[in-house]
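Taking the working numbering, the leading residue of the sequence shown gets 701, the next gets one more, and so forth.
One structure is given below, encoded as structure tokens.
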Amino acid sequence: MGKHYYTFFIIIFTFLSCEEKPNKILLLHEDWQFSEVEKIKWQPADVPGTVQADLLRLGEIPDPFLKNNEDSIQWVSSKNWQYKKQFSVSEEILKRAKHFLKFEGLDTYAEVFLNDSLILSANNAFRSWEVDVSDALKAKNKLLVDFKSPDSIEKAEAKKLNYKLPEGNRVFTRKPQYQYGWDWAPTIKTMGIWRNVSLESYDIARLKDVFLQTKSISDSLAEIVAKFEIETVKAEEITLQITNKNTSETFVSNFKTKSGQSEYEIPFSIKNPKLWWTHNLGDSFLYDIEIELLHNKNVLETYSKNLGIRTIELVTEKDSIGESFYFKLNGKPVYMKGANYVPQQMLDAKIDREKYTQLIGDAVSANMNMLRIWGGGIYEDDYFYNLCDEKGILIWQDFMFACAMYPGDAEFLENAKQEAIENVKRLRNHPSIALWCGNNENNEGWHRWGWQEGKTEAQKQEIWDSYYALFNHILPRVVDSLSPKISYWESSPKFGRGDKRYQFQGDAHDWWVWHDGYPFEHFEKKVPRFMSEFGFQSFPSPETVKYATGRDSVFKNDPLFANHQKHVRGFKIIEEYMARDFPVPQNAEDYMYVSQLLQARGITMGIHAHRRAKPYNMGTLYWQLNDCWPAISWSSIDYLGNWKALHYKAKKAFENVLISTEEKKDTLNIFVVNDSFKTIKDSLVLKLLNFDGEVIHKKQLAIESPENSSKIVYSLPLETLKFDRDFSVLKINFGKSEYLNYFVKPKDLKLKKAEIEIEVCCSVERSRDLSFQSNSKVLDCARTDNNLCFSVTLVSKTLQKNVFLEADEKGKFDDNFFDLLPNEPKTILFSTESKTPPKLKLKTLNQLFP
């Protein structure tokens, strides 16, 4: 019996020892140290991270986001820095046939040493770097990453040219351009290991890339081709298995591979496909696709991919006016509504998922269906694009080149090409990707901003040839070869505002407002085919200013916050525009409040004008959605996540069905803009009333709003009505949509001071021990998610303009900066984690009038 048992044991042992093991990825994030090269002082480092974030965490630099501390940390990027760590590899992993060390992000000029041998030289923060370390790996290993200051390298590169490239030496370094200082961002040139580090080990094969490309779509069938890049140690019989986890269908193919890297394809189909739509038009449906790499029936690798089935097309066709610029989603023209996005994080390289989720949720809440990833920032983390896929937001993706002319030597162009290849491959699976754009404003800058002055004809030709090679040759070819279903656009805007074609062809950036001092009414007179940038600054919330200054209160012209205005004329421009349209308060908090009203007025005036011009105009993206630090900027959401007035007003201006007006020759034209794909029939109700609630004129009529249209549904002859334009408002309703039309600027309104009655509602079971302000009541409210939802009902005997509510608890109002009509109660919701009802403070424009 012992002999038989021994034989059985040998068989089992042999079977186990021959079983192929899955590929192994070892994350190398822990136990890093860093030091300035010239002063060897090793301290703990966070990876992913930056030198600046580590120094701040260790208390060796002040927070550059606070007060005037920015200047005091500029020395950091002028120094050289090192990171080091030791790591062990088990005997089992060490026996694997292949080992690859991968750095997903090195910022920027870095040399990597493994066990004292140089294995990598990196020069691009936007690329990942992978090295075969199969012959160098040991059981115990030392890693050293040596970062060189970008300053000295940039200066050396600049000296190689007999002319200066616009705009400064930043153009020689492939890292986020906004880090060199922008008119909304500080100068903080980060250094460090800013994305993941890992060791990948395998014996047989590994998947290098997977691309699920939709080839055709019909109501009954979607044809997909899965394209794979597979790397094998030697010729092998490999199996690829694709499982649609929504339908439980499986597709299997066997391949005979060659040694090295090869490409393979598996066609598969989905019956009766559910299409991916932006959230305002349908369901952003994603198929859950599992991909397995097998050898001898053993699973080597497993990946999950979300597949959104959709077609997206940029349509640029010549017409009688110029050339169109609009997107077709699943064959239907879709009006794009949204904003420009800039990086949320500057110092800390770790992805704050809660912050990302909140911001994309805020974009959805404001009825946006497109965000433009601006070319001076970063190619975002996969998590960002996953959120956009899930939430139904399309992405206009710039390549990372902005407001400059770039070198054209072979080494720089090859570096840029590899950057493009890698990022197009990484992002092309996302259904949210709608467009690849070569750069931000480089073309306009060259032709309009004086960049050609002082240069010889030969120098100008050389600079333009470099531009052409990158943006008209390399980048479009990369996109066409790797992601042929997504359009490429050379530069945004197509024509600068000094070009007559600006208004009639392509996309446009309108900076006549703000930079050139044009009034907001300019937006109504110069409507382009697609507005991809326009904006106006405002102050952030008082909370954000207090955070930045460390004070308990805010002060106008506070020297501790002046450095957070990065536009050289910013303070003056805000005040000049404010004086045109609003009363100019002297109190600091009132001034910040009115600056937000001013910003909201200007930008929503533009949004309304753009949307009324549909289908001539098919998109409006304002500058900008968010901030990277506490600042006076163009954002609609400040650094701490507070919605400014603009974000609340944009929420209404971006609704699928919009009522908008245009006054011409004493006639008020009333538009209904319908972005949905159905005709809407309902009653249009007009009610002209004065600020005391007296009805002056009323009319109701049945109208029809065709699908995907903008149409004048009624023209109101104002000359036939007798009313005080300074003391009246026209309330317009169509179905659930509402719009309030005023006839004069806010500063000319005859607003009265009056009390506002407030009623707060919360859950009954919590009401017994809750205390309220004397003018509030406790009623019933429902809990939403993890937050408690309070309803707030307000009523006034006179019109209250731009009611701004603040709560003593952190939370969010679903509406704010709203107008409260006389004798018409309005209820809004306040969501908070607090269990106690909020104590409310309010501000209105009425209070600022004498």
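Ideal placement from N, C-alpha and C gives every residue a C-beta, glycine not left out.
With DSSP run on the structure shown, which of helix, strand or coil describes residue i?
i: R895; result: coil
i: C696; result: Outside the shown range of the chain, which is 701 to 1550, sits residue 696, and nothing can be said about it.
i: T1536; result: coil
i: I904; result: coil
i: S1024; result: coil
i: E990; result: strand
i: N954; result: strand
i: H684; result: For the chain, the structure presents residues 701 to 1550; residue 684 sits outside this window and is missing.
i: S1166; result: helix
i: T943; result: strand
i: R1128; result: coil
i: T1057; result: helix
i: V751; result: helix
i: L861; result: coil
i: P967; result: strand
i: F1434; result: strand
i: S1476; result: Per-residue confidence for S1476 stands at a pLDDT of 37, beneath the threshold of 50, marking its modelled position as unreliable; the derived number appears in the next sentence. Residue state, collapsed to three classes: coil.
i: E1509; result: coil
i: W1214; result: helix
Short of 7 Å in beta carbon distance, which residues of its chain neighbour residue i, apart from the five on each side in sequence? Order them along the chain.
i: G1031; result: T1011
i: L756; result: D763 and L1047
i: S1024; result: V1015, T1016, E1017 and R1229
i: A1169; result: G1108 and L1113
i: A745; result: W732, Q733, F734, D754 and Y783
Can you find the residues in the same chain that come closer than 8 Å, C-beta to C-beta, to residue i, ignoring five residues on each side of it along the sequence?
i: G1250; result: L766, K767 and L1260
i: E720; result: D903, I904, H995, N996, N998 and L1000
Below 8 Å on the Cβ atoms is my guess for residue i versus residue j; work out the distance and round it to an integer in Å.
i: K1266; j: A1331; result: 7 Å
i: G1319; j: V1213; result: At roughly 18 Å, the Cβ-Cβ gap does not stay under 8 Å, so G1319 and V1213 are not in contact.
i: S1534; j: E1506; result: Wrong, their Cβ atoms sit about 14 Å apart, outside the cutoff.
i: Y964; j: L940; result: 7 Å
i: L728; j: V845; result: In fact, because the Cβ distance is near 11 Å, the residues do not count as touching under 8 Å.
i: Y1414; j: L1401; result: 7 Å
i: K1050; j: G749; result: 7 Å
i: T1367; j: P1417; result: 6 Å
i: I989; j: N944; result: 6 Å
Output the boundary residues of the beta strand (DSSP E) element that contains residue i.
i: E1524; result: No beta strand (DSSP E) contains E1524, which DSSP labels as neither H nor E.
i: G1012; result: The sequence shown places Ile at residue 1012, not Gly. It spans I1012 to V1015 - the beta strand (DSSP E) in which I1012 sits, taken as one unbroken run.
i: H799; result: K798 to F803
i: Y1291; result: Careful: Y1291 lies outside any beta strand (DSSP E), inside the alpha helix (DSSP H) at A1288 to R1312.
i: Q733; result: W732 to E736
i: N1143; result: It is not in any beta strand (DSSP E) - N1143 instead sits in the alpha helix (DSSP H) that spans N1142 to R1148.
i: K785; result: W781 to S788
i: Y878; result: First-last for Y878: undefined, no H or E at that position.
i: Y1188; result: S1187 to W1189
Under 8 Å between C-beta atoms, does residue i make it to chain C?
i: Q1097; result: Among the chains of the structure shown, chain C does not appear; only one protein chain is present.
Over what stretch of residues does the alpha helix (DSSP H) that includes residue i continue unbroken?
i: M1278; result: G1270 to D1281
i: T1249; result: P1242 to T1249
i: K1349; result: A1345 to A1353
i: H1209; result: Where H1209 is concerned, there is no enclosing alpha helix (DSSP H), although the beta strand (DSSP E) it sits in stretches over D1207 to D1210.
i: P1176; result: L1175 to L1182
i: W1136; result: Careful: W1136 lies outside any alpha helix (DSSP H), inside the beta strand (DSSP E) at I1133 to C1137.
i: E792; result: E791 to L794
i: F1223; result: H1222 to K1225
Within the same chain, show all residues whose beta-carbon is closer than 6 Å to that of residue i, passing over the 5 residues directly before and after it, in chain order.
i: D883; result: K1266 and H1267
i: F1549; result: L1451
i: V952; result: Q941
i: G1235; result: Y1322, W1323 and W1334
i: L1529; result: C1489, S1491 and D1514
- Message: Quick test of the definition: if touching needs 3 or more C-beta pairs under 8 Å, does the stretch 766-773 touch the stretch 1050-1058?
- Response: no
- Any contact of the stretch 1256-1269 with the stretch 1335-1346, i.e. 3+ C-beta pairs under 8 Å? no
- Item | Stretch pair the stretch 1122-1142 + the stretch 850-857: three plus CB contacts closer than 8 Å | As far as the Cβ criterion goes, the stretch 1122-1142 does not touch the stretch 850-857, which means the pair count is below three.
- Item | Touching by the beta-carbon criterion (3+ pairs, under 8 Å), the stretch 834-844 and the stretch 790-800 | yes
- Task: Determine contact between the stretch 1183-1198 and the stretch 1279-1290, defined as no fewer than three beta-carbon pairs at a distance below 8 Å.
- Result: no
- Task: Give a yes or no on contact between the stretch 1241-1250 and the stretch 1206-1224, applying the rule of three or more CB pairs nearer than 8 Å.
- Result: In short, these stretches do not touch, since the Cβ pair count stays below three.
- Message: Can you confirm whether the stretch 1113-1132 touches the stretch 1084-1102 when touching is taken to mean that 3 or more C-beta pairs between the two stretches lie within less than 8 Å?
- Response: yes
- Is it a yes or a no for the stretch 799-819 touching the stretch 919-926, going by three-plus beta-carbon pairs under 8 Å? No contact exists between the stretch 799-819 and the stretch 919-926.
- Task: Assess, as a yes-or-no matter, whether the stretch 1519-1528 is touched by the stretch 1383-1395 under the definition of 3 or more beta carbon pairs within less than 8 Å.
- Result: yes
- Are three or more beta carbon pairs between the stretch 963-977 and the stretch 873-880 nearer than 8 Å? no
- Segment contact flag, the stretch 1349-1357 with the stretch 1367-1382, C-beta cutoff 8 Å, min 3 pairs: yes
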